[in-house]
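Report on one structure; see the data block that follows.
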Amino acid sequence: MSISPSARSAAPAFRAIGRAAAVLGVAALAALGLQPAAQARPTTPVVHAVTHAARTTAAPDTAPDLEPVCDAPAKGRAACYALRATGQPPLLRLGASATPAGLGPQDIQSAYNLPADGGAGQTIAIVDAYDNPNAEADLAVYRQQYGLSPCTTANGCFRKVDQRGGTSYPQPSQGWAGEIALDLDMVSAAAPGAHILLVETDNDGLDNLAAGVDEAVSLGAKYVSNSYGRPGDSADDLATYGASYDHPGVAVVAASGDNKYGVSFPSTLPTVTAVGGTTLTADPGSARGWSETVWARDNYGPGSGCAQNQVKPAFQKDTGCTGRSVADVSAVADNVAVYLTFGDQGTGWQRYGGTSVATPVIASLYALAGPPRPGTYPNAYPYAAGGAGLNDVTTGSNGTCAVAYLCTGGPGYDGPTGLGTPAGLAAFRSGPHGTLSGTVKDAATGKPVARATVGSGLDVTTTDTEGAYTLDLPAGTVKDLTVKAFGYTAADPVTLTVADGQSLTRDVALTPIPREHVRGTVTDGSGHGWPLYAKITVAGSPEAPVWTDPVTGAYRLDLPQGADYTLDVTSSLPGYEAREQGVTVGHRSVTADVALTADPDAATAVGYSLERVGGTETFDSTAGAPQGWSVVNAPGTDSGWEFDDPIQRGNLTGGSGAFAVAESDNGPIGPHQDSQLISPVYDFSAGQSAELSFRTEYGYNPNNQQMSVDVTTDGGATWTNAWASPKSSDTAQNRTLHVALGAFAGHKAVQLRFHFVANWGYHWAIDDVFVATRTLVPTPGGLAVGTVSDANTHAGLVGATVTDLGNPQSTATTTATPEDPAVGDGFYTLFAAGPGKHTLGATASGYATATERTTVRADRVTRTDLAPGAGRVTATPQTISGTVVQGRHTTARLRLANTGTAPVTVRLAQASGTGWLTPGVFQVTLEPGRRTTVTLVLDSASPDVTAPGDYRTQITLTGDTPYAVAPVPVTLHVTAAHGHGA
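Sequential numbering of the sequence shown, starting at 0, is according to numbering that gives the first Met the number 0.
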């Protein structure tokens with residue numbers, strides 16, 4: 000079967016590129032393990048283009064709701080503390096330059112001053128219940144995405160065992176599979192060089208989990224992460240399970256829980272490090288570059304409190320709890336990227352949270368700091384550090400409690416975050432140490448150098464916005480201390496001798512590297528060719544991004560000479576794939592133009608219509624496979640795919656009529672199937688992408704049945720999986736599945752197979768198989784861009800609607816542009832179909848509609864700014880008062896003026912029970928520049944005036960205007976009849 004389908008504007012630019020060039024680049028962070036690019040000095044500029052075939056981009060980085068991945072624990076059992084964000088679309092593949100939503104390894108390393116390749120020679124154990132069959136494969140995707148070295152069974156980095164150290168893995172669990180994926184990814188993020196030991200216990204019983212900890216230690220792990228718990232503090236916890244968590248010389252780490260104020264076992268035990276959680280947010284304006292507060296979102300937050308049934312460790316000095324205080328330390332507990340493909344929740348890239356995030360991060364900190372001293376308890380180390388190596392978290396709360404610090408962040412120790420979050424490794428190592436501090440400055444200007452890296456080996460820190468740094472170092476000889484920063488020549492390494500408790504000072508001046516211009520334009524590459532408003536960042540750079548001009552698509556940035564760089568280019572206009580552009584900067588300027596491709600899978604780029612060419616197979620014939628389709632059953636197996644509903648099941652797929660079904664559990668059907676339903680050949684050569692959808696119904700058990708959809712482009716010699724069955728028992732009816740086939744676009748001979756393998760399994764039914772190519776076709780027209788601003792204040796209006804009045808379906812909503820200082824808030828991009836004259840209108844609540852006539856040119860960008868007017872009311876005087884003898888009245892005048900740019904209707908009202916002030920309700924319409932006077936009567940003869948004294952009310956003024964008008968207070972002083980008259 001064949002499937003085949005039936006410039007720049009002269010308008011004023013938003014910025015003058017030559018006058019306002021931005022300075023950008025890639026951080027050369029050798030002390031962090033990020034080596035600088037070779038200082039090659041080519042004689043001619045070189046541009047390397049990298050186009051991404053993948054069609055999927057990451058979801059917006061917002062904060063969706065959270066849900067636990069594990070159910071509440073039964074008696075004697077534990078729940079994992081992983082939380083996943085809800086409402087996340089499936090995202091199994093990313094474009095090569097796309098970044099998963101949520102925090103990644105580089106964020107965690109930056110926030111906590113961690114080395115980029117730390118952990119070499121250490122083994123970190125993760126103890127979890129049940130099995131995640133995809134653990135190693137998913138870990139490989141995560142590490143590859145972030146450029147981390149592979150960690151596999153084959154290279155000895157990854158090892159998975161059952162709770163007895165063998166390979167008889169327990170049954171899978173969808174919930175705990177998410178916990179396992181999260182733990183593996185977080186260890187990889189914090190300590191990429193460490194080996195990982197995953198211990199999977201038989202189930203979530205507290206006894207089995209405790210046995211898993213013992214097994215991890217017996218296998219040589221010095222760092223054991225436990226991201227699970229049981230709410231509460233039981234008097235027999237220590238006696239029953241305590242020995243399994245009591246291993247001197249081993250850092251046993253446990254999550255404090257996700258249920259806000261209140262404690263949970265095993266983090267209550269005095270021998271473990273109890274880990275709380277924070278919300279970690281990038282804060283470029285701060286000295287650290289990050290800010291943290293107590294994590295609290297939806298109904299979740301870190302556990303904390305007082306475990307009265309446990310002995311208070313000697314190192315804890317807080318006075319509000321006579322037992323064990325929880326937590327000890329903390330780390331990020333929200334919005335981290337995780338990759339998971341197992342089970343119904345295994346939709347690929349997702350965002351996770353919970354103290355299950357923080358716990359493996361803290362376990363990794365211990366590993367980075369080096370083996371604990373034999374015979375010591377590592378949970379004491381942060382207390383002995385005296386605040387060194389910790390970020391004190393002083394804001395936020397996880398609930399209410401009688402002893403405030405146990406549920407509220409504050410200076411020093413508090414329950415939700417303990418002593419704080421990591422600031423390097425000093426708080427997590429044993430042994431003597433000293434401190435090195437100083438400032439890093441530009442040798443040419445004397446100005447401070449922010450984000451410079453100072454460090455030796457695993458001990459690293461970065462300078463703040465004033466160029467200052469403080470670095471905790473182990474006592475003894477410190478070799479090869481380096482100071483490096485992007486755009487500067489690295490300082491020569493030095494060797495220092497540090498005594499225990501010593502404070503050293505070392506200031507450093509770095510020599511700046513000369514820079515060259517990199518300039519170009521960013522345009523649409525799918526047919527229109529119009530300039531695009533886009534953000535350009537340099538991979539790994541600590542410096543701010545640059546933005547293209549929205550009208551011309553032009554950009555310019557300056558990069559240090561003698562290095563290779565990767566530009567990440569992302570369109571502000573939705574629906575385009577991001578792209579990487581490689582550049583080599585020598586001794587002359589470089590031109591790097593970039594064309595971005597509209598994404599045919601998302602099909603949201605304006606100015607394009609989606610053309611889908613294909614057809615649907617409805618399996619209407621019960622005599623056999625449809626024309627072009629075939630059934631292949633493996634030798635020695637029983638009957639496979641059939642079309643006559645052999646056991647009269649009925650079509651439960653949501654389709655109608657006949658359907659295809661493979662049966663395994665009902666006579667006269669035999670129990671053993673290995674059957675392929677193979678499609679005709681499809682021609683995807685003319686499509687930009689392709690898709691598959693089908694209706695389905697099945698009964699499924701992963702132990703004896705597998706279902707998959709596979710794709711071949713070589714006549715069946717090799718097959719690539721496109722959809723796989725769930726990894727846990729499931730049933731489905733009336734379900735339509737959608738499978739992206741973009742990876743196979745451009746191929747001329749594509750076939751699908753529906754592969755059913757069962758051994759006394761259940762069944763799988765399908766119907767209405769739709770296969771099509773997807774191609775975006777340009778619609779004639781052009782783009783209008785501009786800002787919508789208040790005609791009175793000239794401030795940008797965010798949330799205003801811009802409409803092509805000749806085509807009311809063509810609308811755009813204005814947005815804020817906080818990252819681009821050259822483009823004001825209220826920015827919009829609107830596609831106008833058909834070149835020529837168009838009238839645009841801008842509306843916003845409280846504003847009159849503003850219109851502008853503009854000329855739209857085909858495949859170009861025209862700038863059209865709009866300024867809606869609004870009425871603006873002033874009232875004088877600001878207060879009104881009058882004095883009368885009881886029974887008399889007086890008058891006052893309230894002057895109203897419209898100082899705005901549109902008519903306004905003003906309504907005056909006051910509270911009930913103030914009949915002494917009239918008029919009670921008044922309405923007037925004022926044209927721009929007009930004013931009026933309202934005469935008010937203050938009458939003490941009103942029944943609401945019962946005796947001499949002061950009577951007060953206020954006049955409220957409302958109207959069809961976006962500006963609030965302050966109420967006017969009114970006071971009536973009433974005197975007795977023998978006093979002064981009116």
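Quick reminder that beta carbons are idealized off the backbone N, C-alpha and C, glycines included.
Candidates the options: closest to residue i by CA position
i	options	result
Leu-183	Asp-206, Thr-200, Ser-224 and Gly-211	Ser-224
Asp-598	Thr-774, Val-710 and Asp-644	Thr-774
Gly-192	Cys-156, Val-631 and Leu-205	Cys-156
Thr-278	Thr-321, Thr-904, Ala-332 and Leu-691	Ala-332
Val-521	Arg-694, Ala-490, Gln-580 and Asp-557	Gln-580
Thr-346	Pro-301, Phe-683, Ala-721 and Pro-918	Ala-721
Asp-592	Gly-635, Gly-304 and Ile-535	Ile-535
Asp-161	Glu-214, Ala-115 and Arg-428	Glu-214
Leu-558	Thr-547, Thr-583, Arg-514 and Gly-101	Arg-514
Gln-108	Ser-303, Pro-473 and Val-186	Val-186
Run of the alpha helix (DSSP H) containing residue i, from where it starts to where it stops
i	result
Arg-142	134–144
Leu-208	205–217
Asp-523	No alpha helix (DSSP H) contains Asp-523, which is instead part of the beta strand (DSSP E) from 514–523.
Gln-108	104–110
Helix, strand or coil at residue i according to DSSP, with G and I counted as helix
i	result
Trp-915	coil
Thr-719	strand
Ala-571	Strictly speaking, residue 571 in this sequence is Ser, with Ala absent from that position. In this structure, Ser-571 counts as coil in the three-state DSSP scheme.
Thr-617	coil
Glu-641	strand
Ser-941	coil
Val-710	strand
Asn-703	coil
Thr-42	Here Thr-42 scores only 30 on pLDDT, less than 50, and its place in the model should not be relied on; the value that follows carries that caveat. Residue state, collapsed to three classes: coil.
Pro-377	helix
Thr-354	helix
Thr-970	strand
Asp-600	coil
Val-25	Below a pLDDT of 50, predicted positions are generally treated as unreliable, and Val-25, at 30, falls in that range; the measurement from the model is reported next regardless. DSSP places Val-25 in coil when its eight states are reduced to three.
Asp-548	coil
His-51	Any reading at His-51 is ruled out, since the residue's pLDDT is 29, under 50, leaving its predicted position unreliable.
His-977	coil
Tyr-168	coil
Ser-303	strand
N- and C-terminal bounds of the beta strand (DSSP E) containing residue i
i	result
Leu-907	903–908
Pro-777	762–777
Ser-324	323–325
Thr-955	948–958
Ala-176	No beta strand (DSSP E) contains Ala-176, which is instead part of the alpha helix (DSSP H) from 173–189.
Ala-451	From DSSP, Ala-451 is part of no beta strand (DSSP E); its letter is neither H nor E.
Asp-557	553–559
Own chain partners of residue i with C-beta closer than 6 angstroms, once the 5 adjacent residues on each side are dropped
i	result
Gly-798	none
Val-493	Leu-480
Tyr-962	Arg-871
Ile-125	Asp-182, Leu-197 and Ser-224
7 angstroms CB neighbourhood of residue i in its chain, flanking five on each side removed
i	result
Glu-926	Asn-897 and Pro-902
Thr-913	Asp-943 and Thr-952
Tyr-380	Ala-426, Phe-427, Arg-428 and Ser-429
Cβ neighbours of residue i in the same chain (closer than 8 angstroms, five flanking residues each side left out)
i	result
Arg-892	Thr-932, Val-933, Thr-934 and Leu-935
Ser-217	Gly-164
Thr-464	Gly-284, Ser-285, Ala-286, Pro-447 and Ala-449
His-979	Unreliable placement is indicated for His-979, whose pLDDT of 43 sits below 50; no coordinate value is reported for it.
Gly-958	Gly-870, Val-872, Val-903, Thr-904, Val-905, Arg-906 and Val-964
Pro-966	Gln-953, Ile-954, Thr-955 and Leu-956
Residue i at chain D interface by Cβ criterion, 7 angstroms
i	result
Gly-261	Protein chain content of the structure displayed is limited to a single chain, and chain D is not contained in it.
Is the region 484–492 touching the region 572–580 in the sense that three or more CB pairs, one from each, lie closer than 8 angstroms? No contact exists between the region 572–580 and the region 484–492.
For the region 341–357 and the region 387–405, state whether three or more C-beta atom pairs, one from each stretch, are separated by less than 8 angstroms. The region 341–357 is not in contact with the region 387–405.
On the three-pair Cβ rule with 8 angstroms, is the region 747–758 touching the region 704–716? Pairwise C-beta distances place the region 747–758 in contact with the region 704–716, as three or more of them are shorter than 8 angstroms.
Is it the case that the region 92–110 contacts the region 198–212, given that we only count it when at least three CB pairs across the two stretches are under 8 angstroms? Using a Cβ-Cβ distance cut-off of 8 angstroms, the region 198–212 and the region 92–110 are not in contact, since fewer than three pairs of beta carbons, one from each stretch, lie closer than that value.
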